[in-house]
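Engineer:
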Amino acid sequence: MRRILHSYYDSVCVEILKNTVSAMVPDSRLIVCDFLVPDRVQAGGPQEVYWMDFTMMCVGGKERTLEEFRGIFDAAGLDLVKIYPSGIGATCMIEARLK
Numbered sequence: 004m005r006r007i008l009h010s011y012y013d014s015v016c017v018e019i020l021k022n023t024v025s026a027m028v029p030d031s032r033l034i035v036c037d038f039l040v041p042d043r044v045q046a047g048g049p050q051e052v053y054w055m056d057f058t059m060m061c062v063g064g065k066e067r068t069l070e071e072f073r074g075i076f077d078a079a080g081l082d083l084v085k086i087y088p089s090g091i092g093a094t095c096m097i098e099a100r101l102k
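Those letters in the sequence shown? Residues 4 to 102, by the working numbering.
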């Protein structure tokens, strides 16, 4: 899923993920590509994730921290396996599997 979940609030994301989970088998993996909001703001660091968060809030979505991703994955029946940072900005790929 690329830049899908950030368009919706948590309850809708959980519903989207549950629909995906219903089609998964034990060895399936789900990769979510999205911004990952840092736990702590870095002075002078990249700002695009915060601007995108403001933008997404205006249309009913939000950017998420690692713990927020864990929360929606957990509610949908997924375990977070690994984070793959892109090395540019706050974009990353988040790997999940069935619980």
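Don't be surprised by glycine CBs; every beta carbon is placed ideally from N, CA and C.
1) Taking only three categories from DSSP, how would you classify Lys65?
2) To which residues of the same chain is Arg5 closer than 6 angstroms at the C-beta, ignoring the five residues directly before and after it?
3) Taking the straight line between their C-alpha atoms, what separation do you get for Ile75 and Cys16?
4) Anyone know if the C-beta pair for Glu71 and Met55 falls short of 7 angstroms?
5) Can you tell me where the beta strand (DSSP E) holding Ile19 begins and where it ends?
6) Going by C-alpha to C-alpha distance, which of Glu98, Ala79, Leu81 and Gly80 sits closest to Tyr87?
7) What is the DSSP secondary structure of Val40, reduced to helix, strand or coil?
Structural biologist: Judging by the given coordinates:
1) Position 62 of the sequence shown, counted from the first residue, corresponds to residue 65. In this structure, DSSP gives Lys65 a state outside helix and strand, which the three-state scheme calls coil.
2) Locating residue 5 in the sequence shown gives position 2, where the first residue counts as 1. Cys36.
3) The residue given as residue 75 occupies position 72 in the sequence shown. The residue given as residue 16 occupies position 13 in the sequence shown. Each residue's alpha carbon lies about 7 angstroms from the other.
4) Looking up residue 71 in the sequence shown gives position 68. Looking up residue 55 in the sequence shown gives position 52. The Cβ-Cβ distance between Glu71 and Met55 does not fall below 7 angstroms.
5) Residue mapping note: residue 19 aligns to position 16 of the sequence shown, counting from 1. DSSP places Ile19 in no beta strand (DSSP E) but in the uninterrupted alpha helix (DSSP H) bounded by Asp13 to Val24.
6) As a first step, residue 87 is located in the sequence shown; it is residue number 84 there, counting from the start. Selected option, being the one with the closest Cα: Glu98.
7) Taking the first residue of the sequence shown as 1, we reach residue 40 at position 37. Look at Val40 here: in three-state DSSP terms it is strand.
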